[in-house]
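Numbering (our numbering), first residue to last: 1 to 208.
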């Protein structure tokens, strides 16, 4: 049944989390599985219901992990968004879960974020960094427009997603490419945030 399948997915995620930690579970288990399901769906080997079930189970697990994380530093907030024509946010939710568990506050904007909304929200939140993800090669230009707008504000800007996997697609794109691994992406963002707020880092790491 679907209930049993969802339960098995959550149990497998919990086992991997206990063995590998969050970021490695995402890199070694979740993301490869989701890519494989996407390939199967495109070739007709996987029906939409199974893809939706797996996505929902992963999303619910990430929400739980994020809720149970220690309270993040309020002075460090990373704003995460898709390109203006992208609809998939699971990767952003995964990255946010890692960052929150490492002590950095995150806010994910709704999918298909317009440039004007992105820049307004980044300014209103005094975001320490902004992450933009695009998976659609056909819509890469609009995602780059978002990156340009954020970079012009002077905020540290990062990007990722399938639309930027080829080095050729990253030429003259502002910001830092996050790569394909959550471990490395989170480290890059945390390095930028900690550089911007060294006093917070020193306070949190000083002996009691």
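For glycine and all other residues, C-beta sits at the position ideal for the given N, C-alpha and C.
Residue ranges of each beta strand (DSSP E) within the stretch 75-141, 3 or longer: Qualifying beta strand (DSSP E) stretches, in chain order: 104-108, 129-133.
Simplified DSSP state of residue 10, which is helix, strand or coil: Note: residue 10 maps to helix in three-state DSSP.
Three-state secondary structure (DSSP) of residue 160: In this structure, residue 160 counts as strand in the three-state DSSP scheme.
Reduced DSSP secondary structure (H/G/I, E/B, other) of residue 152: Per DSSP, reduced to three states, the secondary structure at residue 152 is helical.
Distance CB(residue 119)-CB(residue 150) smaller than 8 Å: The Cβ atoms of residue 119 and residue 150 lie closer than 8 Å to each other.
Exposed unless 16 or more other CB atoms sit within 10 angstroms - verdict on residue 36: By the neighbour-count criterion, in which a residue is buried when 16 or more other Cβ atoms sit within 10 angstroms of its Cβ, residue 36 is exposed.
Residue 172 classed as buried or exposed, judged by whether at least 16 other C-beta atoms fall within 10 angstroms: Burial call: exposed.
Neighbourhood of residue 192 by C-beta, 7 Å cutoff - its chain only, sequence neighbours within 5 removed: Answer for residue 192: 129, 156, listed in chain order.
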